[in-house]
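Peer 1:
Protein chains: 2
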Amino acid sequence: MQPVQQYIHENKGRFLEELLELLRIPSISADPAYKGEVRRAAEYVAESLRKSGADRVEIIETGGHPVVYGEKITAPDLPTVMVYGHYDVQPPDPLDLWTTGPFEPEIRKTPLHPEGAIFARGSADDKGQFFMHLKAFEAMSANGPLPCNIKFMIEGEEEVGSANLEGFLKAHAGRLKCDVILVSDTHMIARDVPSITVGLRGLSYVEVEVQGPNRDLHSGLYGGAVANPINILAKMIASLHDENNHIAIPGFYDDVEVVAPAERKAMNEAPYDEEAYKKELDIRMVHGEAGFTTLERTAIRPTLDVNGIWGGYTGEGAKTVLPAKAFAKISMRLVPHQDPEKITELFAAHFKTIAPPSVKVQVRYHHGGYPVVTPTDTPEYLAAHKAMETTFGKAPIPQRGGGSIPIVALFENILGVKTVLMGFGLDTDSIHSPNEHYGLFFFFKGIETIPHFYQYYAELKKD
Amino acid sequence: MQPVQQYIHENKGRFLEELLELLRIPSISADPAYKGEVRRAAEYVAESLRKSGADRVEIIETGGHPVVYGEKITAPDLPTVMVYGHYDVQPPDPLDLWTTGPFEPEIRKTPLHPEGAIFARGSADDKGQFFMHLKAFEAMSANGPLPCNIKFMIEGEEEVGSANLEGFLKAHAGRLKCDVILVSDTHMIARDVPSITVGLRGLSYVEVEVQGPNRDLHSGLYGGAVANPINILAKMIASLHDENNHIAIPGFYDDVEVVAPAERKAMNEAPYDEEAYKKELDIRMVHGEAGFTTLERTAIRPTLDVNGIWGGYTGEGAKTVLPAKAFAKISMRLVPHQDPEKITELFAAHFKTIAPPSVKVQVRYHHGGYPVVTPTDTPEYLAAHKAMETTFGKAPIPQRGGGSIPIVALFENILGVKTVLMGFGLDTDSIHSPNEHYGLFFFFKGIETIPHFYQYYAELKKD
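For the record, the sequence lines run as chains A and B.
Each residue of the first sequence is one higher than the one before, counting from 3 in my numbering.
Each residue of the second sequence is one higher than the one before, counting from 3 in my numbering.
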């Protein structure tokens, strides 16, 4: 391993420069106005793969943004690892809350990142994290034969629900054949508490529209006599949780996995300081489902959050309008064994049921994903464990994550392959938020750790 | 009266052209970007007053947008009428719902307006209506001595709460001395059901902010553990009405006038067709406070409407954000004898009380106004009654309006003068909405009616 680590050490500056270049491309997959930029990011990734030593590099079209593929097949009898990541990013708004431009990466020191962190949209989610794999691969390629065959599949639609990926996996199942999928798109507990994600929540994301009158009305002339769609929407949203913050959609919890008391106990032994958590978010109280701790609420319990709401006059000053329509984007995080399609249907049916006859309601389906739990007794999990232990000097602990990577369930269902979630971010990286950042310590530590994974994985598979 | 009416008849085309010119000026008082346009409208009004025969025309500065003043004093022993109106308009958004540009007036026929209606922001509220007074004044000035002294006070901040008008009235009380104030900024029941507004609701308008965490969060990592300010705001808004649609703010109804059964009975005898009302708005059901009819709900009962709401991601596609903040603009229409300041305080105190400890709440005060009821036995009411009866061929009926013209209470409190509300709009004119319009029939009928008012008023004051 010595030459590989030496190579990494000597090329740190260039690795960082190359990442910054990628971060300057505003590859916002949700906004059609950025279609060209998304493609430009794909081209940059393809070129990086080529330069790093990958063969058969190709930008493969889908119905939406393309997938970048590349591979290095060393020997047919070696195990094959496929690295998955995504080069698209979340929209950066609200823009005015960014200290520096979301696509003008800047390195600043923070209390958690004394070596500096890269502030830019996508720095942690997921450009910074998948780029570690490209650079680890480059370091290995430059220093002798690889211990595994490696494939790369870097997509451009993760932040909009990976709608075209199912078709892509089916169409290219042969080329994507592998023994395991390796993903760095999650976080660890802390710099001195390495962890590996062993569960992810699923997702159901909908947009609702409540229509009252056929046009905006003067609230003086009609107020009190005509249903106000904002008031009605507020009432409908409010009714979606009961007084214990349980979700009040009939059937919603039917398939929820009941986690064994022993596992809940183990989960609650993970390092967690509620006072520090509250202080970091500047909140007086945490807020969630009765009967569960914060660690449980974000890992093993489903949620329902309004991600956006709008209606009526939202400009400066006052306008006495009784609007025709009000809208909300609502997402539900799901846990094993909830089915996102079933949940979306339950939501839509319930939402229509609770609408009073004075309004009309529409529910539009955005995207969803299945929850996953990954095993901890597989060669890939053990390889990740040993790799992190080697570089962090401490055994990582298994952790269930609250986020969703719908693709993980797809990999299992379509390719029949398990995924290992070896992420190097922190939950404080502000992903999806203004001032997203990624610590340099984690970026370089990731690059150093990844070659060990391949080494251990090859050894464990041989046994 | 013959020469005056003849003059009006002969100048109709020009009167209309002059109004269209005024409607082309986007005098949106709420938006600082339109400050120059608001001033341009003031200048246009001043110039129109001068051309119509007014003396001492002046654009008088205030802390905000200016007031246009002009007068014609014929003889000291004649009664003095002051015309009040406003040259500012509501913001036109949502722009995409306008058939033609809000500031590109177009005349189109509609079922209710077979002669055509002028489609433009401000056409009915209030440019079209106050401009009738200028043109009636011109017709009278051009045809012999006026039966009354006439003053004009046309302001530019009505749509943002007339914040500077109290000071203005106090500062210019001498110049504004008059016997009655005449306002056309309300509507009548129908073309064949003339009516005069004898009551107006008051207003309390606030903006609320609910803050959860100190930054936008990823809803997967934090969802379920941290209070989502949109969900909380929805719950708080929902709780402001009980199951009977009574407003659930303690003390809110304490000062509400109990209208006598006889007056309620008379009110419900006004022409009103609920099926037509629902059809025109395309709603399946009206929606309001239990125990009151639609006519009562919009006239003698207070309301609470959310006029705007926003928070989180509202762009295209999906973003799984747990936002830091959510906002709403909320207005309450008030009835005699509710005090807008007291109501605003009750609201703010209650809103803070119902906020859970997991969020922080702010309430900002936009503007308010007192409710008014005007007597029906005064010379000015009788003069308006006779004037409308003369031109419409039918006695107008008294009607309480649901809207608010806060200035009416100010006139009474500061100048000690009553107001007569002789409006010529229809409630279907879409004021404050896209496609606001004003029927040509009503514009010209108003110009014809106004000279009769002065004639009758002078006669009745002499008696």
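Built from N, CA and C at the ideal position, the CB exists for glycine as well.
Nearest-angstrom Cα distance between A:H115 and A:A357?
Peer 2: Along the first sequence, read from residue 1 onward, the residue named residue 115 of chain A stands at position 113. Along the first sequence, read from residue 1 onward, the residue named residue 357 of chain A stands at position 355. Whole-angstrom Cα-Cα distance: 49 Å.
Peer 1: Is B:E157 closer than 8 Å to B:H243 when the C-beta atoms are compared?
Peer 2: The residue labelled residue 243 of chain B in the question sits at position 241 within the second sequence. The residue labelled residue 157 of chain B in the question sits at position 155 within the second sequence. Cβ atoms of B:H243 and B:E157: not closer than 8 Å.
Peer 1: If the cut-off is 7 Å on Cβ atoms, which residues from the stretch 289-302 of chain B count as contacting chain A, listed in chain order?
Peer 2: H289, G290, E291, T296, R299, T300
Peer 1: Return the CA-CA distance between B:E20 and B:L51, expressed in angstroms with no decimal places.
Peer 2: Here residue 20 of chain B is taken as the residue at index 18 of the second sequence, counted from 1. Here residue 51 of chain B is taken as the residue at index 49 of the second sequence, counted from 1. Using only the alpha carbons, I get a separation of about 12 Å.
Peer 1: Given this structure, state the Cα-to-Cα distance separating B:P96 from B:A328, to the nearest angstrom.
Peer 2: As a working mapping, residue 96 of chain B is identified with position 94 in the second sequence. As a working mapping, residue 328 of chain B is identified with position 326 in the second sequence. Distance between the alpha carbons of B:P96 and B:A328: 21 Å.
Peer 1: Closer than 9 Å, Cβ to Cβ, to anything on chain A: give me those residues from the stretch 316-331 of chain B, in chain order.
Peer 2: T316, G317, E318, G319, A320, K321, T322, V323, L324, P325, A326, A328, F329, A330, K331
Peer 1: Just to confirm, is the Cβ distance from A:G204 to A:P342 under 8 Å?
Peer 2: As a position in the first sequence, residue 204 of chain A is number 202, starting the count at 1. As a position in the first sequence, residue 342 of chain A is number 340, starting the count at 1. Against a cut-off of 8 Å, the Cβ pair of A:P342 and A:G204 comes out as a contact.
Peer 1: Have a look at A:L99 and A:N437 and give me their C-alpha separation to the nearest angstrom.
Peer 2: Residue numbering aside, residue 99 of chain A sits at position 97 when the first sequence is read from its first letter. Residue numbering aside, residue 437 of chain A sits at position 435 when the first sequence is read from its first letter. For A:L99 and A:N437, the distance between alpha carbons rounds to 8 Å.
Peer 1: With a threshold of 8 Å, are at least 3 pairs of Cβ atoms found where one atom belongs to the stretch 7-15 of chain B and the other to the stretch 164-173 of chain A?
Peer 2: no
Peer 1: I'd like to know if B:P5 contacts chain A, where contact means its C-beta is closer than 8 Å to some C-beta of that chain.
Peer 2: Position 3 of the second sequence holds residue 5 of chain B. No, B:P5 lies away from the interface with chain A (no Cβ there is under 8 Å from its Cβ).
Peer 1: Count the C-beta pairs between the stretch 222-233 of chain B and the stretch 303-312 of chain A that are closer than 8 Å, then say yes if the count reaches three, no if not.
Peer 2: Judged by Cβ distances under 8 Å, the stretch 222-233 of chain B makes contact with the stretch 303-312 of chain A, as three or more pairs qualify.
Peer 1: Please check the pair A:F353 and A:V363, which I expect to be a contact at CB under 8 Å, by giving their CB distance rounded to whole angstroms.
Peer 2: Reading the first sequence from its first residue, position 351 is the one you call residue 353 of chain A. Reading the first sequence from its first residue, position 361 is the one you call residue 363 of chain A. The pair is a contact, with the Cβ atoms about 6 Å apart (cut-off 8 Å).
Peer 1: Name the DSSP beta bridge partners of A:Y71, please?
Peer 2: As a position in the first sequence, residue 71 of chain A is number 69, starting the count at 1. Answer by DSSP bridge pairing, in chain order: A:E60, A:M155.
Peer 1: So what does B:G441 bridge to, in DSSP terms?
Peer 2: On the second sequence, position 439 is the one that residue 441 of chain B refers to. Paired residues: B:A119.
Peer 1: Sort A:P28, A:A411, A:P338 by Cα distance to A:A301 and report the nearest one.
Peer 2: Locating residue 301 of chain A in the first sequence gives position 299, counting from the first residue. The shortest Cα separation from A:A301 among A:P28, A:A411, A:P338 belongs to A:P338.
Peer 1: Taking C-beta pairs closer than 9 Å, name the residues in chain A that B:H243 reaches, listed in chain order.
Peer 2: On the second sequence, position 241 is the one that residue 243 of chain B refers to. Result: N233, K237.
Peer 1: Counting only C-beta atoms, is A:S221 closer than 8 Å to chain B at any point?
Peer 2: By one-based count along the first sequence, residue 221 of chain A stands at place 219. Yes - at least one Cβ of chain B is within 8 Å of the one on A:S221.
Peer 1: In three-state terms, what does DSSP make of B:G169?
Peer 2: Within the second sequence, the letter at position 167 stands for residue 169 of chain B. The answer is helix: DSSP assigns B:G169 an H, G or I state.
Peer 1: Taking 8 Å as the CB-CB limit, is A:T199 close to chain B?
Peer 2: On the first sequence, residue 199 of chain A is found 197 positions in, with the first residue counted as 1. Not an interface residue.
Peer 1: Does the separation of the CB atoms of B:P398 and B:E391 fall below 8 Å?
Peer 2: Counting from 1 along the second sequence, the entry for residue 398 of chain B is found at position 396. Counting from 1 along the second sequence, the entry for residue 391 of chain B is found at position 389. It is a contact, given that the beta carbons lie within the stated cut-off.
Peer 1: Just to confirm the assignment, what range does the beta strand (DSSP E) spanning B:L24 have?
Peer 2: Your numbering for residue 24 of chain B matches position 22 in the second sequence. Not the beta strand (DSSP E): B:L24 falls in the alpha helix (DSSP H), residues 4-25.
Peer 1: Quickly, what does DSSP pair A:A272 with across the bridge? List them, please.
Peer 2: Mapped onto the first sequence, residue 272 of chain A falls at position 270. Answer is none; A:A272 lacks a bridge partner.
Peer 1: Hey, is A:P28's beta-carbon within less than 8 Å of any beta-carbon in chain B?
Peer 2: Residue 28 of chain A sits at position 26 when you count from the first residue of the first sequence. It does not: the Cβ of A:P28 has no partner Cβ on chain B nearer than 8 Å.
Peer 1: Given a cut-off of 8 Å, decide if A:G425 and A:T199 are closer than it, judged by their beta-carbon atoms.
Peer 2: Locating residue 199 of chain A in the first sequence gives position 197, counting from the first residue. Locating residue 425 of chain A in the first sequence gives position 423, counting from the first residue. Cβ atoms of A:T199 and A:G425: closer than 8 Å.
Peer 1: Taking the Cβ atom as the reference point for each residue, do B:L219 and B:P107 lie within a distance shorter than 8 Å?
Peer 2: The residue labelled residue 219 of chain B in the question sits at position 217 within the second sequence. The residue labelled residue 107 of chain B in the question sits at position 105 within the second sequence. No, Cβ-Cβ distance for B:L219 and B:P107 is not below 8 Å.
Peer 1: Quick one: Cα of B:F394 to Cα of B:S197, how far?
Peer 2: Taking the second sequence and counting its residues from 1, one reaches residue 394 of chain B at position 392. Taking the second sequence and counting its residues from 1, one reaches residue 197 of chain B at position 195. Answer to the nearest angstrom: the Cα atoms are 10 Å apart.
Peer 1: Could you confirm whether any beta carbon from chain B is found closer than 8 Å to the beta carbon of A:N270?
Peer 2: Sequence index remark: in the first sequence, residue 270 of chain A carries index 268 (1-based). Taking Cβ atoms only, chain B never reaches closer than 8 Å to A:N270, which makes this a no.
Peer 1: Closer than 7 Å by beta-carbon distance: list the chain A residues that pair up with B:N230, in chain order.
Peer 2: As a working note, residue 230 of chain B is residue 228 in the second sequence. Correct list: D307, V308.
Peer 1: Mind checking whether B:G118 and B:I109 have CB atoms under 8 Å apart?
Peer 2: Walking along the second sequence from the start, residue 118 of chain B turns up at place 116. Walking along the second sequence from the start, residue 109 of chain B turns up at place 107. Closer than 8 Å, so yes.
Peer 1: Cβ of A:R123 less than 8 Å from any chain B Cβ?
Peer 2: As a first step, residue 123 of chain A is located in the first sequence; it is residue number 121 there, counting from the start. So no, A:R123 is outside the interface.
Peer 1: What does DSSP give as the partner residues of A:Y367 in its beta bridges?
Peer 2: Here residue 367 of chain A corresponds to residue number 365 of the first sequence, with the count starting at 1. BP columns for A:Y367 point to A:V208.
Peer 1: What residues in the stretch 152-181 of chain B bring their beta carbon closer than 9 Å to a beta carbon of chain A?
Peer 2: E161, V162, G163
Peer 1: Where does B:T392 sit, in a helix, a strand or coil, going by DSSP?
Peer 2: Taking the first residue of the second sequence as 1, we reach residue 392 of chain B at position 390. If DSSP states are grouped into helix, strand and coil, B:T392 belongs with the helices.
Peer 1: Take every Cβ of the stretch 207-215 of chain A, pair it with every Cβ of the stretch 178-186 of chain A, and state whether three or more of those distances are shorter than 8 Å.
Peer 2: Touching, no.
Peer 1: Taking B:I416 as the reference, which of B:E168, B:P28, B:S143 has the closest Cα?
Peer 2: Taking the second sequence and counting its residues from 1, the one referred to as residue 416 of chain B is at position 414. It is B:E168 whose Cα lies nearest to the Cα of B:I416.
Peer 1: Contact defined as beta carbons within less than 8 Å: I believe A:V467 pairs with A:S29. What is the distance between those atoms, to the nearest angstrom?
Peer 2: The structure shown does not extend to residue 467 of chain A, since chain A spans only 3 to 465, so no value can be given for it.
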